[in-house]
Every structure is written in C-alpha cells, then in structure tokens.
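Residue numbers (this note's numbering): 4 to 130.
See the structure below:
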C-alpha cells in the first residue's frame, strides 16, 4: 500500500476510518527525513493492513502545530483514535518494525482507561 498524504482536510477522516495509522511528519528540505523515507516505504510494503501516512510540515503547518511537532522527522502511531507513540528522529528499519510490533500488542482497553485516568487527574488539578 502506498503512503497517504495527510492534510488538514482529510486528517480526521483518515484517522477515524482506520484503527492503526502511522504518521511521518517530514519536510522536503530535511536530510534525516529524506533518509527515513525509503525505510518508511519499505516497512509499509510489509504491513498492508496498516495505514502509512505522511504530513508535509511545510504544506501543513496547522497540523504540525496542532501536534506540537518541534523536530522532524517525527513518527506518530494512532490506534483507535488514540496517539500511542510519538518520537522525533529517523528510526532504523528494525526499530520501526519493533515499534509497530509493540503498538500492535497494546491492549487498547487498558490504554483508553489510562487516558481517562490522566484526564480526570488533570481536571482535578486545574484551578
């Protein structure tokens, strides 16, 4: 499966319509981004059941700002509308495969429960 170009117009639909989305935040002028691109594309071919998407941070500055992207490339994984992984830096192929495996093995009920608990704690600590 080829990668999907995410924009502010299609982002919500792509993320909500798919239960596992990898997102590569990148820019054409970024050397590490260009080095990571073939790794990302190669791994995407081995996981046709997952959505591999890209956000061009130059063209989609609002999306990059919404996710507080400070360094590129940044890889994010969204499962069931929950960001379960976000890390800047170009990953080697083996590390990307490992992260995908870990994200696949997450118990999403536990993740949602943890997110709810964090939100409650934050609400209680608000003045």
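We put the CB at the ideal spot given by N, CA and C, even for glycine.
Query: Residues that residue 82 bridges to, as DSSP identifies them; Result: 23, 85
Query: Cα-Cα separation between residue 10 and residue 66, rounded to whole angstroms; Result: 7 Å
Query: Residue 55 beta carbon less than 8 Å from that of residue 99; Result: no
Query: Every unbroken beta strand (DSSP E) inside the stretch 10–56 [3 residues or more]; Result: 23–29
Query: Beta-carbon proximity list for residue 30, same chain, < 8 Å, skipping 5 on both sides; Result: 36, 59, 60, 61, 75
Query: Paired residues, beta bridge with residue 90 - DSSP; Result: 78
Query: Identified DSSP bridge partners for residue 59; Result: 29
Query: CA nearest to the CA of residue 79, picked from 85, 89, 73; Result: 89
Query: Residue interval of the alpha helix (DSSP H) (run including residue 99); Result: 96–107
Query: Euclidean distance between Cα positions of residue 63 and residue 105; Result: 28 Å
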